Amino acid sequence: MRKNRLAVVGALAAVLVAVTGPAAVAHDEPPTLADLAQRHGRYFGSATDNPELTDAPYVSLLGSEFDQITPGNGMKWYATEPQQGVFDFSQGDEIVDLARANHQKVRGHTLVWHSQLPDWLTGREWTAGELRVVLKKHIQTEVRHYRGKVFAWDVVNEAFNEDGTYRDTIFYRTLGPGYIADALRWAHQADPRVKLYPNDYNIESIGPKSDAYYRLAKELRAQGVPLHGIGLQAHLALQYGYPATLEDNLRRFSRLGLETALTEVDIRMYLPADEEKLATQAEWYGDLTEACLAVRRCVGITLWDYTDKYSWIPAFFEGEGAALPWDEELRPKPAYYAIRDALK
Ligand code: G3I
């Protein structure tokens, strides 16, 4: 009798292997965030930075848990055109190569930004005519270099002030607001297939700053300027509250036919972290994941690095940190499990 039962179990197991393939039976590793996101047609990614790539355990998790990578610094202007007309794509290439080896897609970050510019650009005055030439060359050389290797570009980064007025940058001051449409057109010429986004922080809620993007997007679409999405960085902080209108905000861009993406997510807190703060943080990570899943054309979520070991927060906000879903020892925090739950 027992022998018969064993035979039946054995036969069933054989059928199971035949139907599902040996891999499904052989190891029962939990699905990664990328696996779970893909079931919803989304990606789940992380930023990374070149100096971190010597950290083997870090690189291993980066390669297995995520299906999208953004270089945190390596594709910025100071890194890619350190002298006028002299281009260096070595840092971005290193990250693109790593991503390729891990079957991950790459978001290009960023072409036009007032920060991390090379000294040759900021150290002198330019006429509008001169700066147009410099800007066009920078954009087109970089976009051409990464053609077919990045799926989207943060073309213009952080172009607006909190009140929705244009940020007073070298580009706005010299070229006027039309620099944004020009940048998008030039990028599109250099790679007609890549998705083009403006990208900014504090635009998760509906308010003056996100309204400015909404107006801009409508105008650009009406003018036929190539624009495919809006990147919401989502650098959140427990002390400022959860952006309750996030989902509605994503939806209004979606109704314009635009993609949205949460491009630089982290949720910082005052240190030390405690159980309660980590629980609130976890809830927010879950909520923002659900918001993206709930809205058509919200294409994916990118953490601004995945571990507290490499977060930008402690260096920029004194006394704050613990912003990411993995701790400094690469152990998953409650936030990680909340993201998993939201994706299930
Ligand atoms: O490269 C130098 C190195 O030579 C030097 O030894 C070291 C000493 O501090 O500094 C290094 O430069 C740092 C650079 O990152 C590269 O690591 C800068 O000090 C540091 O300020 C810079 O910070 C970056 C920050 O942008 C600059 O604003 C962060 O890593 C990067 O994560 C952050 O990313 C931005 C996004 O691009 C746009 N949205 C906001 C986000 C967070 O600030």
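Positions 1399 to 1742 (our numbering) are the ones given, in order, by the sequence shown. All C-beta atoms, glycine included, are put in the ideal place defined by N, C-alpha and C. This structure is a prediction, so every number in the text was calculated from the model and none was measured.
Contact check, residue i vs residue j, beta carbons under 8 Å
i, j, result
"glutamate 1492", "histidine 1536", "no"
"threonine 1700", "glutamine 1466", "yes"
"leucine 1509", "tryptophan 1551", "yes"
"arginine 1741", "threonine 1678", "A small fix is needed here, since residue 1741 is leucine in this sequence, not arginine. Taking 8 Å as the Cβ cut-off, leucine 1741 and threonine 1678 do not qualify as a contacting pair."
"lysine 1593", "histidine 1543", "no"
"arginine 1581", "valine 1541", "Position check: residue 1581 holds alanine in this sequence, whereas arginine was assumed. Against a cut-off of 8 Å, the Cβ pair of valine 1541 and alanine 1581 comes out as no contact."
"glycine 1684", "aspartate 1739", "yes"
"glycine 1483", "aspartate 1447", "no"
"tyrosine 1612", "proline 1596", "no"
"valine 1623", "arginine 1583", "yes"
"threonine 1539", "phenylalanine 1464", "no"
"glutamine 1631", "tyrosine 1599", "yes"
"tryptophan 1682", "tyrosine 1640", "yes"
"tyrosine 1708", "glutamate 1523", "no"
"arginine 1562", "aspartate 1495", "In the sequence under discussion, the amino acid at residue 1562 is glycine, which differs from the arginine named in the question. Not a contact, by the Cβ cut-off of 8 Å."
"alanine 1689", "glutamate 1645", "yes"
"histidine 1512", "isoleucine 1568", "yes"
Residue span of the alpha helix (DSSP H) that contains residue i, given as start and end
i, result
"threonine 1658", "Looking at the DSSP string, threonine 1658 is not in any alpha helix (DSSP H); the run it does join, the beta strand (DSSP E), is 1657-1668."
"tyrosine 1490", "The sequence given here has glycine at residue 1490, not tyrosine. Counting along the chain, the alpha helix (DSSP H) containing glycine 1490 begins and ends at 1488-1499."
"tyrosine 1735", "1732-1741"
"threonine 1446", "Premise fails: threonine 1446 lies in the beta strand (DSSP E), 1441-1446, not in any alpha helix (DSSP H)."
"glycine 1527", "1526-1543"
"leucine 1614", "1606-1620"
"threonine 1705", "That residue, threonine 1705, is in no alpha helix (DSSP H); it is neither H nor E in DSSP."
"isoleucine 1578", "1577-1588"
"glutamine 1436", "1431-1436"
Euclidean distance between Cα positions of residue i and residue j
i, j, result
"arginine 1571", "phenylalanine 1549", "30 Å"
"leucine 1529", "alanine 1642", "40 Å"
"alanine 1671", "glutamine 1587", "47 Å"
"glutamate 1556", "glycine 1629", "10 Å"
"glutamine 1514", "methionine 1667", "26 Å"
"glycine 1443", "alanine 1579", "28 Å"
"tyrosine 1441", "glycine 1698", "5 Å"
"leucine 1573", "glutamate 1560", "21 Å"
"glycine 1419", "glycine 1605", "Note that glycine 1419 has pLDDT 42, beneath the 50 cutoff, so the model's placement of it is unreliable and no number is given."
"leucine 1618", "alanine 1432", "33 Å"
"tyrosine 1456", "glycine 1546", "27 Å"
"leucine 1654", "glycine 1470", "29 Å"
"glutamate 1727", "threonine 1525", "50 Å"
"glycine 1719", "alanine 1680", "14 Å"
"leucine 1660", "proline 1429", "21 Å"
"arginine 1649", "arginine 1565", "25 Å"
"alanine 1497", "glutamate 1674", "36 Å"
"glutamine 1476", "glycine 1461", "Residue identity check: residue 1476 is tyrosine in the sequence provided, not glutamine. Distance between the alpha carbons of tyrosine 1476 and glycine 1461: 27 Å."
"threonine 1705", "glycine 1527", "44 Å"
"leucine 1656", "leucine 1676", "33 Å"
"leucine 1722", "leucine 1669", "13 Å"
Bridge partners - residue i, DSSP secondary structure assignment
i, result
"aspartate 1552", "His1507, Tyr1595"
"leucine 1676", "Answer is none; leucine 1676 lacks a bridge partner."
"glycine 1627", "Glu1657"
"tryptophan 1518", "DSSP, once it has assigned bridges, lists no residue as partnering tryptophan 1518."
"tyrosine 1564", "Phe1558"
"glutamate 1718", "Tyr1668"
"valine 1484", "Gln1481"
"tryptophan 1682", "None, per the DSSP bridge assignment."
"tryptophan 1724", "Thr1705, Pro1730"
Continuous beta strand (DSSP E) stretch holding residue i: start and end
i, result
"leucine 1459", "Here leucine 1459 belongs to no beta strand (DSSP E); instead the alpha helix (DSSP H) covers 1454-1463."
"isoleucine 1568", "That residue, isoleucine 1568, is in no beta strand (DSSP E); its alpha helix (DSSP H) goes 1568-1573."
"isoleucine 1467", "1466-1469"
"isoleucine 1699", "1696-1701"
"leucine 1634", "1633-1635"
Exercise. Hey, is the segment 1703-1723 in contact with the segment 1510-1520, meaning 3+ C-beta pairs nearer than 8 Å?
Worked result: no
Exercise. Any contact of the segment 1494-1511 with the segment 1675-1694, i.e. 3+ C-beta pairs under 8 Å?
Worked result: no
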